[in-house]
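Below is one structure; the comments refer to it alone.
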Amino acid sequence: MSLTRLDKLIAASGLTRSEAAAAIRAGRVAVGGAVITAPETKVEPERGNVTLDGAEILTGLVYIMMNKPAGYISATEDARERCVTELLPQALRRRGVAPAGRLDKDTEGLLLLTDDGQFAHRVISPRHNVRKLYRAEVEGVLDESDAEAFRQGIVLGDGTRCLSAELTIEAPSTALVAVREGKYHQVKRMLASRGKPVRALRRLAVGALWLDETLAAGEWRCLTEAERELIFHNDTSK
Ligand code: URA
238 MSLTRLDKLI AASGLTRSEA AAAIRAGRVA VGGAVITAPE TKVEPERGNV TLDGAEILTG
298 LVYIMMNKPA GYISATEDAR ERCVTELLPQ ALRRRGVAPA GRLDKDTEGL LLLTDDGQFA
358 HRVISPRHNV RKLYRAEVEG VLDESDAEAF RQGIVLGDGT RCLSAELTIE APSTALVAVR
418 EGKYHQVKRM LASRGKPVRA LRRLAVGALW LDETLAAGEW RCLTEAEREL IFHNDTSK
């Protein structure tokens with residue numbers, strides 16, 4: 238169990254380090270119900286139950302699902318573009334919450350964000366084999382030869398070979414696409430290589446974790462521990 242200085246922990250909730258230290262000295266912070274007035278006190282973030290002015294603050298690592306809207310890039314800052322983290326409160330941005338994987342600016346749907354670097358690596362790295370499920374609308378009409386080409390492993394325009402993937406036709410120009418890697422513009426480039434450019438792309442699931450469809454575009458919520466586990470199971474059947 239790791240120990241963290243109390244002022245650092247309080248600062249992560251959205252204060253500067255000196256504001257946090259002043260709040261602690263002023264007796265506004267309690268740990269497990271007991272007021273602590275020394276900013277350097279070491280506490281265990283995982284135990285939670287830390288309050289500032291009586292309100293509990295988030296102390297452990299943060300895991301978020303967002304229904305990403307089109308028009309935002311999967312980054313934490315950019316000089317010109319709007320970033321998905323702008324949809325989060327300042328307190329979470331200050332903690333260093335960042336996207337675990339990327340969706341293109343025009344792609345919508347399930348985006349995971351966290352301040353847990355190891356977790357993000359597990360989600361992203363092809364070594365961990367996490368299945369990402371998309372619904373793609375394309376120009377043109379899909380057929381079984383497309384599904385077979387996906388099974389065999391698509392070779393992209395630049396010669397890059399993709400791992401075997403699944404394409405399930407839902408309607409003449411709509412398919413579910415499941416991939417286990419995250420090359421740049423992967424789904425779009427796979428479908429473009431079949432002469433069927435993507436018109437709209439939405440991520441539905443990561444592993445066995447589905448987007449909570451009650452979240453409107455741009456809304457987010459924290460994941461439960463059970464939901465976090467689902468990410469590393471690949472059965473996406475609901
Ligand atoms: N593949 C793409 O082409 N774009 C995305 O945003 C995600 C997967």
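So in the numbering used here, the last spot in the sequence shown is 475, and the numbers never skip.
Just so it is clear, CB atoms sit at the ideal spot from N, CA and C, and this is done for glycine as well.
Could you check if residue i is buried or exposed, using at least 16 other CB atoms within 10 Å of its CB as the buried criterion?
i: residue 444; result: buried
i: residue 336; result: buried
i: residue 276; result: buried
i: residue 424; result: buried
i: residue 274; result: exposed
i: residue 324; result: buried
i: residue 362; result: exposed
i: residue 354; result: exposed
i: residue 296; result: buried
i: residue 351; result: buried
i: residue 315; result: exposed
i: residue 250; result: buried
i: residue 453; result: exposed
i: residue 292; result: exposed
i: residue 369; result: buried
Are residue i and residue j touching if we call contact CB-CB under 8 Å?
i: residue 373; j: residue 412; result: yes
i: residue 399; j: residue 300; result: no
i: residue 431; j: residue 386; result: yes
i: residue 433; j: residue 381; result: no
i: residue 281; j: residue 240; result: yes
i: residue 270; j: residue 338; result: no
i: residue 371; j: residue 436; result: no
i: residue 401; j: residue 390; result: yes
i: residue 448; j: residue 346; result: yes
i: residue 260; j: residue 266; result: yes
i: residue 438; j: residue 410; result: no
i: residue 404; j: residue 414; result: yes
i: residue 289; j: residue 247; result: yes
i: residue 264; j: residue 272; result: yes
Do you know whose CA, among the options, lies nearest residue i's CA?
i: residue 304; options: 396, 415, 282 and 349; result: 349
i: residue 358; options: 242, 469 and 262; result: 469
i: residue 356; options: 426, 329, 466 and 390; result: 466
i: residue 326; options: 461, 455 and 471; result: 455
i: residue 287; options: 255, 393 and 245; result: 245
i: residue 416; options: 319, 410 and 442; result: 442
i: residue 406; options: 263, 388, 384 and 422; result: 384
For a test of your reading of the model: does the CB of residue i fall under 7 Å from any non-hydrogen atom of the ligand COA? Yes or no.
i: residue 448; result: Of the ligands one can find in the structure shown, namely the ligand URA, none is the ligand COA.
Meets three-Cβ-pair contact criterion under 8 Å: the stretch 302 to 315 and the stretch 330 to 348: yes
Which runs of the alpha helix (DSSP H), 4 residues or longer, sit entirely within the stretch 420 to 471? 423 to 430 and 462 to 467
Any beta strand (DSSP E) of 3 or more consecutive residues that is wholly inside the stretch 304 to 361: 345 to 351
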